[in-house]
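For reference, the structure discussed in these notes is given below.
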Amino acid sequence: MMPSSAAAPELPPFSTAGPGHLYLLGLPGAGKTTIGRRLAAHFGWEFRDLDADIVAQSGQSIPEIFAAEGEVGFRQREAAALRAVAGRPGPPLVLATGGGTPCFHDNLAVLHQTGFTLWLDVPVPELVRRLVRSPHTRPLLAATEPGEAPEKALFDRLHRTLAARQQFYGQARLRHAGAATVAALTAALARAGFRPGLT
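Per this note's numbering: the sequence shown = residues 162 to 360.
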């Protein structure tokens, strides 16, 4: 299933009057979970991983959901899990979204309405280096043709995936392609208007 090509509405100025969550976007392997945990600790916020929420709610692993329900079923679960997190009462949090989260249903609009979106833009060769170590956790990237090297399969698949998803990632309020340190990211977020102390 390919992402919908519908464009997101023009973004209003970011306001800290709402929930003010911080949402991390990017391809599998971009570091959303690792970086998200560090940013959450820095801000003193809760960290959540959307894929982990789906697993906890369903009692199944993501590969099991894909096998039983296909991508359509998984994306429906993903959309419901996102809305549960985005609409919850309480203090803001840092959420690592799934690689395809902003590309389906009206998830991108939900993200923009309830928080600040940060795209972690990591070069494909670096993603391959990271992902080849744990393909069993990446259902959309694990399949290879007989005799095909995993690295080449991942490289080709990631290029195709990025081509399909870039139009959605590109609508994030901030694209960060530099060093993914807490200092660099918090400085970039501040320049982009994100003020966690005001939420």
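In this text, a Cβ means the ideal position worked out from N, Cα and C, and glycines have one as well.
These numbers were taken from a predicted model, which means no experiment stands behind them.
Three-state class that DSSP yields for residue i in the structure shown
| i | result |
| --- | --- |
| H203 | helix |
| D212 | helix |
| R356 | coil |
| H266 | coil |
| L256 | strand |
| S222 | coil |
| R249 | coil |
Burial state of residue i, where buried means 16 or more other Cβ atoms lie within 10 Å
| i | result |
| --- | --- |
| V255 | buried |
| H320 | exposed |
| A247 | buried |
| K313 | exposed |
| P284 | exposed |
| Q218 | exposed |
| G197 | buried |
| G187 | buried |
| R352 | exposed |
| G205 | exposed |
Backbone CA spacing between residue i and residue j [nearest angstrom]
| i | j | result |
| --- | --- | --- |
| H182 | E232 | 26 angstroms |
| R356 | P252 | 14 angstroms |
| L323 | A257 | 18 angstroms |
| R238 | V289 | 27 angstroms |
| D212 | G190 | 13 angstroms |
| I215 | P250 | 19 angstroms |
| F277 | A242 | 18 angstroms |
| R209 | L200 | 12 angstroms |
| C264 | A325 | 9 angstroms |
| T262 | R236 | 8 angstroms |
| F329 | W280 | 10 angstroms |
Residues sharing a beta bridge with residue i, DSSP
| i | result |
| --- | --- |
| G276 | H182 |
| H337 | L281 |
| L243 | BP columns for L243 are empty, so no partner. |
**Prompt:** Is the stretch 221-228 touching the stretch 337-355 in the sense that three or more CB pairs, one from each, lie closer than 8 angstroms?
**Reply:** They do not touch, by the three-pair rule.
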